[in-house]
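Engineer: Residue numbers (the numbering used here), protein chains in the order written: chain A, 1 to 191; chain B, 1001 to 1570; chain C, 2001 to 2140.
C-beta: ideal position from N, C-alpha, C; glycine also.
Computed from a predicted structure; not experimentally measured.
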Amino acid sequence: MSARPIATTRSAAGMPTARLAVWWIIASEIVIFGGLLGSYIMHRLAHGVWADYAAATNPWIGGFNTFVLLTSSLMAVLGHQAAERGDGPRAAKMLYLTCGGGLLFICVKAYEWTTEISHGMTITANTFWSFYYTAAGIHALHVIAGCIIMLFVAQTAKKNLELHRVEIIGIYWHFVDVVWIFLFPLLYIAK
Amino acid sequence: MAETIHVGHAEEHGHHDHHEMSFLEKYVFPLDHKMIAMQYMFTGMFMALIGGFFAYAFRMQLAFPGMDVPFWGVVTPADYNALVTSHGSVMIFWVAMPVLIAAFGNYLIPLMIGADDMVFPKINRLSYQIFLISAIIIIASFFVEGGAFGGAWTAYPPLSTKAQYSLTPIGSTMWITAVALEFVAFLLGGINFITTAMNSRAPGMKMWDIPMVVWMIVIASILFMLSVGPLLAGGIMMIFDQQLGTAFFDPDRGGDPILWQHLFWFFGHPEVYVVLLPAVGIVAEVMTVFSRKKLFAYKTVLYTAIGTGVLSFTVWAHHQFIAGIDPRMANVFTVTTLLISVPIAEMMFVYIATLYGGKITLTTPMLWALAFVFEFLIGGITGIFLGASGNDIYMHDTYFVLAHFHYTFYPIAIIGTYAGFTFWFPKMFGKMMNDGLGKLHFWLTIIPFNLIFLPLFVLGASGQHRRIYDYTNFPELAQPWQQDLRQLATISLVVMLGAQVIFFYNVIKSWMSGPPAGKNPWNSGTLEWTATSPPPHGNWPEGLPTCYRGPYEYSHPDHDKDYWPQNEPA
Amino acid sequence: MSAHEAHGDEFYVKTWAILLVLLLISVLGPLLGHPVLTLITAFGIAVVKAYLVAVRFMHINLTPRFVTYAVATTLVFMLLFFAGTAPDVMKNHGTNWVKPAWIQAEAAYAAEVASGAAGHHGAGGHGEAPHGGEAAPAHH
């Protein structure tokens, strides 16, 4: 692996390149979710009957998943703190725990969806459920992607290399968490 | 943590690993920003030829209905729809975007800000690879069962979502998949451009020392990034509608087709400015060099560009005036649409002011730059007719609209590209282009271009509707004078396409045996001209430049030469 | 960078605890059965949670100010998108168009509410599909 260009090491904007980039990634993600959830909200506000459909979601499962993601976010930020102190192995351990949180989230989601689909609430049942599966599905893809990247970051962090990456993947993970924080009331709570 | 700010000599060590790169490493999977730019450039030009060929095939059908078109055959109605759809999609997503943003962005940003590469070379390479896959998918869609998607590049439902209407069950999904992948590619690329320009400027290069084209590409990337999200989400919704049977855009089952139009145009209109701004930036570079003057009102241009960007998010529904949108909203969008002509007009005035009193040299790139201003003005002014919702109800979906947006996109994507390509050709390949051939190509492109689209304005105003396969079925649209104008447009198109042979001949000949260009053939002041032509990997192996002044210090009274390079200490 | 180290691990654990309390409130809020209160406990608290995560976990306040502006800009553009789109999407009829499915579904729903049977058709239109979970609170 060749050394990175000098361009990457400069920081004329006052912050490290990778952190700057991850914030731009987040900005571009906000509009992806913003467009989708905006479309959902306008349907939701206009269709009284959607309250009826939404009543069939399970806020306890959704709440548990929120708890899982919040906790994994805590692990991510603790990993970042460890990386700040130069403690690579602890940072890696925290990232593995974060990944575990992501995995648990996906498992719970899989259980939840299986139950719902077996009760006839499929993606084609009506537009509410279409939005439900699409929004949560895109979010779940972000969780999976974050987990995979995090495993790579943890591998290098364990050897005390590239520790700044711990913070970067952490910021991304917190963003995925924030998206869920809004998905949760939108899909589960508002009835 | 590699977060300290490196300046000056500290930077000169480290990066350059001197091992010989294999062919694959250098040309197929490169990390060097210049090679990735060339990949984008030539893929884009190849796609432009394909898009031009599509236009040729359906224009032949319109001018000579039912004829056996050479190299294509008889154009069937399904062919016709697939051809117009693919022409629009290819020209915007696979020509204008890769060439103007990705190719010029990749090539120019690191060189103009004095960096050795983009900040994330691997993401850069990935971006091109995703783009290439998307291009392959869109071409491959012609060869699947049912053929390529034929529901227009706007892909309005239900035509795009229901196979029983579009008759392209696979082609329509391939189209939306290709478009979505292309967006992902440019999101990755855009993050690279923005971050590089923000973070990796040469020591001493302040905000106002950045060349205008870099600013423009960055602003365009930000616009793209902020507008494309809803459409990416919409694209996923559309794929689900097509393949899973959801009803996001189906009013019979609780969805809303107008939602797609909003999602599409919320991106689609800023997209016009996404491709416009880089072209405007290229023209700024060319004009200052060949009129030996400072860019008139640098900061004003910049603020104007940002203002245009913000305004461009507020005009999208002027594409939907006859879609049954809320009439009150139509009022709002009319006002914002007319407003956005103000900053664009101001940019054009700034260019004319830059020319005023300058020592103008009419080289090939300068001709292209002047043509950009001239032709784009026609496109802009006809846009005002269409922005007014009352008038648009009559003009909507006629050839007047078509001629209008070709008068904007053609200057952007073709004229802007030629201006940039002929201007930076000496830097890219180290050779000068033949100016005589260049001018011949210029005139043989510009004159036929006007002869294609001026008749279409007339036809559009006479009521000729778009998306009609054969006008002989409509007696009031098939009068002899109308058919004559159609044939004039088509013949001009063939001439214009033929003229591109001169360009490719010129490129290859100049590349092989043109006179060497030297570092700075145009006596330009920006940083890319201080590197050797073509720049090696790492751009300035002897050490990256430091910046001391603005980019357009031409004919400066305190300096003996008429240009003052940015890297020259005072 | 060094500004981050001003906080020890307890700071983050404490933040996490606050977030969990907020989560509990947002789950329990709807049990009170007051729509306005639900709106506040659901979305008001979501905003507070997002703010806490952005500031205390993502350290957005320690990054240069333009990052906050960029993120805010994306949100403003999303509001703009909503404002331009909602007037059309939120109507069931307009100039020369209607959405028949919507009108039928709402009429059926209104009839159901009137007869007190709402809340029992989670899958809407797919027969007597039972709830996704018994624990789901009744919404009226």
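Tell me, please, whether the stretch 1435-1448 of chain B touches the stretch 1293-1310 of chain B by the rule of three or more beta-carbon pairs shorter than 8 Å.
Structural biologist: The answer is no - the stretch 1293-1310 of chain B does not touch the stretch 1435-1448 of chain B, with fewer than three Cβ pairs under 8 Å.
Engineer: Give me, in chain order, the residues of the same chain whose beta-carbon lies closer than 8 Å to that of residue 2093(C); leave out the 5 immediate sequence neighbours on both sides.
Structural biologist: Working through the third sequence from its first residue, we reach residue 2093(C) at position 93. The answer, listed in chain order, is 2099, 2103.
Engineer: Judging by CA-CA distance, which residue of 1374(B), 1538(B), 1388(B) is the nearest neighbour of residue 1338(B)?
Structural biologist: Residue 1338(B) sits at position 338 when you count from the first residue of the second sequence. When each option's Cα is compared against that of residue 1338(B), the closest is 1388(B).
Engineer: Please decide whether residue 1329(B) counts as near chain C, where near means a Cβ-Cβ distance under 8 Å.
Structural biologist: Position 329 of the second sequence, counting from 1, holds the residue named residue 1329(B). With respect to chain C, the C-beta atom of residue 1329(B) has a partner C-beta closer than 8 Å.
Engineer: Can you list, in chain order, the residues of its chain whose CB lies under 6 Å from that of residue 1318(B), leaving out five sequence neighbours each side?
Structural biologist: Here residue 1318(B) is taken as the residue at index 318 of the second sequence, counted from 1. So the list reads 1333, 1337, 1387, once near-sequence residues are dropped.
Engineer: Buried or exposed for residue 32(A), going by 16 or more other Cβ atoms inside 10 Å?
Structural biologist: By 1-based counting over the first sequence, the position of residue 32(A) is 32. When all chains shown are included, residue 32(A) counts as buried.
Engineer: State yes or no: is the beta carbon of residue 30(A) nearer than 8 Å to at least one beta carbon in chain C?
Structural biologist: One-based indexing of the first sequence puts residue 30(A) at position 30. Closer than 8 Å: yes.
Engineer: Near residue 1396(B), what residues of its chain come up, given a Cβ to Cβ distance below 7 Å and the 5 sequence neighbours on each side ignored?
Structural biologist: Here residue 1396(B) corresponds to residue number 396 of the second sequence, with the count starting at 1. Hits under 7 Å: 1321, 1322.
Engineer: Are the CB atoms of residue 1411(B) and residue 1286(B) within a distance shorter than 8 Å?
Structural biologist: By 1-based counting over the second sequence, the position of residue 1286(B) is 286. By 1-based counting over the second sequence, the position of residue 1411(B) is 411. No. Outside cutoff.
Engineer: Tell me the residue span of the alpha helix (DSSP H) that contains residue 2085(C).
Structural biologist: Within the third sequence, the letter at position 85 stands for residue 2085(C). Segment 2065-2089, the alpha helix (DSSP H) holding residue 2085(C).
Engineer: Please look up how many angstroms separate the CB atoms of residue 97(A) and residue 75(A), rounded, as I've assumed it's under 8 Å.
Structural biologist: The residue given as residue 97(A) occupies position 97 in the first sequence. The residue given as residue 75(A) occupies position 75 in the first sequence. About 4 Å separates the two Cβ atoms, so the contact holds.
Engineer: Counting contacts by CB-CB distance shorter than 8 Å, is residue 2119(C) in contact with chain A?
Structural biologist: In the third sequence, the residue the question calls residue 2119(C) occupies position 119. Any reading at residue 2119(C) must be qualified, since the residue scores a pLDDT of 49, below 50, and its modelled position is unreliable; no value is offered.
Engineer: Within 10 angstroms of the Cβ of residue 2051(C), are there 16 or more other Cβ atoms? Answer buried if so, exposed if not.
Structural biologist: For the purposes of this step, residue 2051(C) is taken as the residue at position 51 of the third sequence. Exposed is the call here.
Engineer: Decide yes or no for the touch test of the stretch 11-24 of chain A against the stretch 1192-1207 of chain B: beta carbon pairs closer than 8 Å, at least 3 of them.
Structural biologist: yes
Engineer: How long is the line joining the alpha carbons of residue 2119(C) and residue 2113(C), rounded to whole angstroms?
Structural biologist: Counting from 1 along the third sequence, the entry for residue 2119(C) is found at position 119. Counting from 1 along the third sequence, the entry for residue 2113(C) is found at position 113. Confidence is the limiting factor: at residue 2119(C) the pLDDT is only 49, short of 50, which leaves the residue's position unreliable, though a coordinate-based value still follows. If you take the alpha carbons of residue 2119(C) and residue 2113(C), they lie about 9 Å apart.
Engineer: By the criterion of Cβ-Cβ separation under 7 Å, what are the contact partners of residue 14(A) in chain C?
Structural biologist: Against the first sequence, residue 14(A) aligns to sequence position 14. Residues of chain C passing the Cβ test: 2064.
Engineer: Relative to chain B, which residues along the stretch 2097-2112 of chain C have a C-beta separation below 9 Å, given in chain order?
Structural biologist: 2097, 2098, 2099, 2100, 2101, 2102, 2105
Engineer: Give me the chain B residues within the contact set of residue 118(A), using Cβ-Cβ distance strictly less than 8 Å, ordered along the chain.
Structural biologist: Position 118 of the first sequence holds residue 118(A). Simply none; closest approach about 17 Å.
Engineer: Exposed or buried, which one is residue 1298(B) when buried takes at least 16 other CB atoms within 10 Å?
Structural biologist: Sequence index remark: in the second sequence, residue 1298(B) carries index 298 (1-based). Result: buried.
Engineer: What do you reckon, are the CB atoms on residue 2089(C) and residue 47(A) nearer than 8 Å?
Structural biologist: Within the third sequence, numbered from 1, the residue matching residue 2089(C) stands at position 89. Within the first sequence, numbered from 1, the residue matching residue 47(A) stands at position 47. Cβ distance not < 8 Å, so residue 2089(C) and residue 47(A) don't count as in contact.
Engineer: Count the other CB atoms within 10 Å of the CB of residue 1070(B); is the residue buried (16 or more) or exposed (fewer)?
Structural biologist: Counted from its first residue, the second sequence places residue 1070(B) at position 70. Looking at its Cβ environment, which holds fewer than 16 other Cβ atoms inside 10 Å, residue 1070(B) is exposed.
Engineer: Pull up the distance between the alpha-carbon of residue 65(A) and that of residue 1228(B), whole angstroms please.
Structural biologist: Sequence index remark: in the first sequence, residue 65(A) carries index 65 (1-based). Sequence index remark: in the second sequence, residue 1228(B) carries index 228 (1-based). C-alpha separation (whole angstroms): 29 Å.
Engineer: Given a threshold of 16 other Cβ atoms within 10 Å of its Cβ, counted over all protein chains shown, does residue 1436(B) qualify as buried or as exposed?
Structural biologist: By 1-based counting over the second sequence, the position of residue 1436(B) is 436. Residue 1436(B) comes out exposed.
Engineer: Any idea if residue 1433(B) is buried or exposed, counting beta-carbon neighbours within 10 angstroms, 16 or more meaning buried?
Structural biologist: Walking along the second sequence from the start, residue 1433(B) turns up at place 433. By the 10 Å Cβ count, residue 1433(B) comes out buried.
Engineer: Considering only residues of the same chain and omitting the five flanking positions on each side of residue 1376(B), which have a CB-CB separation below 6 Å?
Structural biologist: On the second sequence, residue 1376(B) is found 376 positions in, with the first residue counted as 1. If we look at residue 1376(B) and ignore the five residues flanking it on each side, its Cβ neighbours are 1411.
Engineer: Can you find a CB in chain C that lies within less than 8 Å of the CB of residue 1388(B)?
Structural biologist: If you number the second sequence from 1, residue 1388(B) lands on position 388. Chain C contact via Cβ: absent.
Engineer: Say whether the stretch 1029-1045 of chain B touches the stretch 1447-1463 of chain B, bearing in mind that this needs 3 or more beta-carbon pairs closer than 8 Å, one atom from each stretch.
Structural biologist: no
Engineer: Can at least three beta-carbon pairs, one atom from the stretch 1126-1146 of chain B and one from the stretch 1080-1098 of chain B, be found at a separation below 8 Å?
Structural biologist: Contact between the stretch 1126-1146 of chain B and the stretch 1080-1098 of chain B is present: three or more C-beta pairs spanning the two stretches fall below 8 Å.
Engineer: Does the separation of the CB atoms of residue 1090(B) and residue 1131(B) fall below 8 Å?
Structural biologist: By 1-based counting over the second sequence, the position of residue 1090(B) is 90. By 1-based counting over the second sequence, the position of residue 1131(B) is 131. No. Outside cutoff.
Engineer: Within 8 Å (strictly less), CB to CB, does residue 2012(C) reach chain A?
Structural biologist: Translated into the one-based positions of the third sequence, residue 2012(C) becomes position 12. Chain A, which has a Cβ nearer than 8 Å to the Cβ of residue 2012(C), makes this yes.
Engineer: Taking only beta-carbon positions, decide if residue 1125(B) is within less than 8 Å of chain C.
Structural biologist: Working through the second sequence from its first residue, we reach residue 1125(B) at position 125. Closer than 8 Å: no.
Engineer: Taking any Cβ of chain C, which residues in the stretch 104-117 of chain A have a Cβ under 9 Å from it, in chain order?
Structural biologist: 112, 115, 116
Engineer: Apply the 10 Å Cβ neighbour rule to residue 1504(B) and answer buried if 16 or more other Cβ atoms are within range, or exposed otherwise.
Structural biologist: Here the question's residue 1504(B) lines up with position 504 in the second sequence. Looking at its Cβ environment, which holds fewer than 16 other Cβ atoms inside 10 Å, residue 1504(B) is exposed.
Engineer: Secondary structure at residue 2097(C), three-state DSSP: helix, strand or coil?
Structural biologist: The residue you call residue 2097(C) lines up with position 97 of the third sequence. Strand, per DSSP.
Engineer: DSSP on residue 1563(B), reduced to helix/strand/coil?
Structural biologist: Indexing the second sequence from 1 puts residue 1563(B) at position 563. Residue 1563(B) falls in the strand class under three-state DSSP.
Engineer: Please report the residue range of the alpha helix (DSSP H) in which residue 1455(B) lies.
Structural biologist: Your numbering for residue 1455(B) matches position 455 in the second sequence. Residues 1435-1461.
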